[in-house]
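Accompanying notes for the structure given below.
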Amino acid sequence: MTLRPVLTIAAALAGTTAMADVNVYTTRQPELIQPVADAFTEETGIAVNLAFVEDGIVERLEAEGKRSPADLVMTVDIANLSQIVDAGVTQPVESEVLNESVPANLRGENGDWFGVTTRARIVYASQERVADGEITTYEDLASDKWEGRICTRSGLHNYNLALVSAIIAHHGEDYAKEWAQGVKDNLARKPEGNDRAQVKAIWAGECDISLGNTYYMGKMLQDEEQTEWANAVRITFPTFENGGTHVNVSGVALTQSAPNKEEAVQFMEFLVSPQAQEVYAEANFEYPVLDSAEASELVQGWGEFEADETDLPTLADHRAAALRIMEEVNFDG
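Numbered by mature numbering (1 follows the signal peptide of the UniProt record, and there is no 0), the letters in the sequence shown go through residues -20 to -1, 1 to 313 in order.
Shown next, in the form of structure tokens:
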């Protein structure tokens, strides 16, 4: 049998097809998912059509309603996954394969969504100005020993709100507000740019440490200009005083319309297979959710850590409080 090529972008989703495909709306660049989509097609003969939807994915699904061609939504961060589920544009999935492969703290309580890979929210530290082992806990980032030494992106970004949500989960809202104020007082500059921009600032001597996601190290090392920034820092894995290292997730959910539900669930199950987990993690410099799958050699070289066991739905529940706290301390001001 001749396999049809994996299609990309919204043109592939126009109208219906003669045989069932899997149609995916993704907030991630399609090239990040393409390798695992190709592997699925090679194994099953089912084409995967990827449409990049950078913003307004919920609004698009709501507008399309039952006519939506999308079977699956793939996105990053528990806040985005929760927003999509809460909007009522997805449906739960009952699958022994998914439940056995994805740890309970990395999937929706009712099978509303499933984690595919994880990433740690860590500290990038200057190779020259920060001693190895000097950074131990997230709580310590509010210590005045870091005054004028921290860079970060907006405190209102989902990545940082998830971290504040985890602080709330461990210590309560009052402590979280004091912590947020302490970190703000330690900033070397007003929050700006993305995670990679903070590493560039360390390289330039503007600050000594920054908050960031692990996979950005891999992305910087792929970029000729940014390799110098990456080599100026080391990854450190802080923990919570009563827990592990904060992690977030990239995940997948089945849409309410799902015209090709059976094939879509098949693709979801493939995403957590050992083969797909290693392919996907390799392409994105992230960590597999499947215990038996290994991270890429580069990612393993960053060191080992114990992931915090706070379940992600709990972090989603604290997001509103985290946002209020960051606004009350005027973190970006």
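Just so it is clear, CB atoms sit at the ideal spot from N, CA and C, and this is done for glycine as well.
ask   = By Cβ distance below 7 Å, which residues in the same chain neighbour Tyr195 in space, the five residues on each side in sequence not counted?
value = Taking the first residue of the sequence shown as 1, we reach residue 195 at position 215. These residues qualify, in order along the chain: Arg99, Asn264, Phe265 and Glu266.
ask   = With distances taken from CA atoms, which of Pro293, Ala244, Gln255 and Phe217 is nearest Thr117?
value = Within the sequence shown, residue 117 is the residue found at index 137, counting from 1. Nearest option by C-alpha distance: Phe217.
Paired residues, beta bridge with Met54 - DSSP = Here residue 54 is taken as the residue at index 74 of the sequence shown, counted from 1. BP columns for Met54 point to Thr6 and Val232.
inquiry  = Looking at Arg133: is its Cβ nearer than 7 Å to the Cβ of Pro171?
reply    = Residue 133 sits at position 153 when you count from the first residue of the sequence shown. Residue 171 sits at position 191 when you count from the first residue of the sequence shown. A contact, by the Cβ cut-off of 7 Å.
query = Since Met248 and Val232 are thought to touch, with beta carbons under 8 Å apart, how far apart are those beta carbons, to the nearest angstrom?
reply = Stepping through the sequence shown from its first residue, residue 248 is reached at position 268. Stepping through the sequence shown from its first residue, residue 232 is reached at position 252. Confirmed, Cβ separation roughly 6 Å.
ask   = When you compare only the Cα positions, how much space is there between Gln178 and Val2?
value = One-based indexing of the sequence shown puts residue 178 at position 198. One-based indexing of the sequence shown puts residue 2 at position 22. Each residue's Cα considered, the two are about 38 Å apart.
query = Excluding sequence positions up to five away, which residues of its chain have a Cβ less than 8 Å from the Cβ of Ala84?
reply = Taking the first residue of the sequence shown as position 1, residue 84 is located at position 104. Setting aside the 5 residues that flank it on each side, Ala84 is surrounded in the same chain by Asp291, each with a C-beta closer than 8 Å to its C-beta; the list follows chain order.
request  = Tell me, to the nearest whole angstrom, how far the beta carbon of Ala160 is from that of Leu295; I am working on the premise that it is less than 8 Å.
outcome  = By 1-based counting over the sequence shown, the position of residue 160 is 180. By 1-based counting over the sequence shown, the position of residue 295 is 315. So it is not a contact: roughly 15 Å between Cβ atoms.
query = Pick from Val269, Phe311 and Gln9: whose alpha carbon is nearest that of Ser81?
reply = As a working mapping, residue 81 is identified with position 101 in the sequence shown. Answer by Cα proximity: Val269.
ask   = Sorted by chain position, which residues of the same chain lie with C-beta nearer than 8 Å to Trp209's C-beta, five sequence neighbours on each side aside?
value = Within the sequence shown, numbered from 1, the residue matching residue 209 stands at position 229. Cβ neighbours of Trp209 beyond the five flanking positions: Arg176, Val179, Lys180, Ile182, Trp183 and Met200.
inquiry  = Using the Cβ count rule (16 or more neighbours within 10 Å means buried), how would you classify Ala300?
reply    = Position 320 of the sequence shown, counted from the first residue, corresponds to residue 300. Exposed, since its Cβ has fewer than 16 Cβ neighbours within 10 Å.
Thr70 - DSSP class collapsed to helix/strand/coil = Taking the sequence shown and counting its residues from 1, one reaches residue 70 at position 90. Look at Thr70 here: in three-state DSSP terms it is strand.
ask   = Which ranges would you report for the alpha helix (DSSP H) in the region 238 to 280 if only whole runs of at least 4 residues count?
value = 241 to 251, 254 to 264 and 277 to 280
message = Measuring only the C-alpha atoms, how far is Ala17 from Ser253?
response = Position 37 of the sequence shown, counting from 1, holds the residue named residue 17. Position 273 of the sequence shown, counting from 1, holds the residue named residue 253. Spanning the two alpha carbons is a distance of roughly 13 Å.
message = Given this structure, state the Cα-to-Cα distance separating Thr225 from Val103, to the nearest angstrom.
response = Residue mapping note: residue 225 aligns to position 245 of the sequence shown, counting from 1. Residue mapping note: residue 103 aligns to position 123 of the sequence shown, counting from 1. Between the alpha carbons of Thr225 and Val103 lies a distance of about 11 Å.
ask   = Around the C-beta of Ser48, are 16 or more other C-beta atoms found within 10 angstroms, so that it is buried, or is it exposed?
value = To locate residue 48, count along the sequence shown from 1; it is residue 68. Its Cβ being crowded by 16 or more others within 10 Å, Ser48 is buried.
ask   = With a Cβ-Cβ cutoff of 7 Å, do Leu41 and Trp93 count as a contact?
value = For the purposes of this step, residue 41 is taken as the residue at position 61 of the sequence shown. For the purposes of this step, residue 93 is taken as the residue at position 113 of the sequence shown. Against a cut-off of 7 Å, the Cβ pair of Trp93 and Leu41 comes out as no contact.
ask   = Apart from the five residues on each side of it in sequence, which residues of its chain come closer than 6 Å, Cβ to Cβ, to Glu286?
value = Along the sequence shown, one-based indexing puts residue 286 at 306. Taken in chain order, the residues that qualify are Gly224.
request  = Measure the Cβ-Cβ separation of Ala67 and Asn138 and say whether it is below 7 Å.
outcome  = One-based indexing of the sequence shown puts residue 67 at position 87. One-based indexing of the sequence shown puts residue 138 at position 158. It is not a contact, given that the beta carbons lie outside the stated cut-off.
Sequence-distant residues of its chain with Cβ nearer than 7 Å to Pro239 (five each side left out) = Numbered from 1 along the sequence shown, position 259 holds the residue referred to as residue 239. Only Pro49 and Asp51 meet the Cβ criterion.
ask   = Taking the alpha-carbon positions, what's the Ser230 to Glu127 distance?
value = The residue given as residue 230 occupies position 250 in the sequence shown. The residue given as residue 127 occupies position 147 in the sequence shown. Each residue's Cα considered, the two are about 33 Å apart.
query = For Leu(-8), which three-state DSSP category applies?
reply = As a first step, residue -8 must be located in the sequence shown, where it is residue number 13. Confidence in Leu(-8) is poor, its pLDDT being 49 and thus under 50, which makes the residue's placement too unreliable to answer from.
message = With H, G and I counted as helix, E and B as strand and the rest as coil, what does DSSP make of Gly223?
response = Position 243 of the sequence shown, counted from the first residue, corresponds to residue 223. Reduced to three states, the DSSP call for Gly223 is coil.
request  = Give every residue of the same chain whose Cβ lies closer than 7 Å to the Cβ of Pro293, excluding the five residues on either side of it in the sequence, and list them in chain order.
outcome  = Against the sequence shown, residue 293 aligns to sequence position 313. Hits under 7 Å: Gly88 and Glu89.
message = Please report the straight-line C-alpha distance between Gln236 and Thr6, rounded to a whole angstrom.
response = The sequence position of residue 236 within the sequence shown is 256, counting from 1. The sequence position of residue 6 within the sequence shown is 26, counting from 1. Cα to Cα, the separation comes out at about 16 Å.
task = For the region 130 to 212, list the beta strand (DSSP E) runs that are entirely contained and at least 3 residues long, ordered along the chain.
result = Qualifying beta strand (DSSP E) stretches, in chain order: 189 to 193.
key: Three-state class that DSSP yields for Thr117 in the structure shown   = Stepping through the sequence shown from its first residue, residue 117 is reached at position 137. DSSP places Thr117 in strand when its eight states are reduced to three.
Within 7 Å, strictly: CB atoms of Phe311 and Gly135 = Residue mapping note: residue 311 aligns to position 331 of the sequence shown, counting from 1. Residue mapping note: residue 135 aligns to position 155 of the sequence shown, counting from 1. Going by C-beta atoms, Phe311 is nearer than 7 Å to Gly135.
key: beta-carbon Pro10 near the ligand ATP non-hydrogen atom, thresh 6 Å   = Of ligands this structure carries none, so the ligand ATP is not represented either.
message = If contacts are defined as beta-carbon pairs under 8 Å, then Gln71 and Leu234 qualify, I think. What distance do you get, rounded to the angstrom?
response = One-based indexing of the sequence shown puts residue 71 at position 91. One-based indexing of the sequence shown puts residue 234 at position 254. Contact flag correct, Cβ pair sits at about 5 Å.
ask   = From Val213, Glu274, Leu167 and Ala(-1), pick the residue whose C-alpha is nearest to that of Gln257; which is it?
value = Against the sequence shown, residue 257 aligns to sequence position 277. Answer by Cα proximity: Glu274.
ask   = Below 7 Å between beta carbons: does that hold for Ala302 and Ser145?
value = For the purposes of this step, residue 302 is taken as the residue at position 322 of the sequence shown. For the purposes of this step, residue 145 is taken as the residue at position 165 of the sequence shown. Yes.
query = In whole angstroms, what is the alpha-carbon distance linking Gly91 and Glu119?
reply = Indexing the sequence shown from 1 puts residue 91 at position 111. Indexing the sequence shown from 1 puts residue 119 at position 139. Going by the C-alpha atoms only, they are around 33 Å apart.
task = Rounded to whole angstroms, what's the CA-CA distance from Lys164 to Thr24? Just pull it up for me.
result = Residue numbering aside, residue 164 sits at position 184 when the sequence shown is read from its first letter. Residue numbering aside, residue 24 sits at position 44 when the sequence shown is read from its first letter. Near 51 Å, if we compare the C-alpha coordinates of Thr24 and Lys164.
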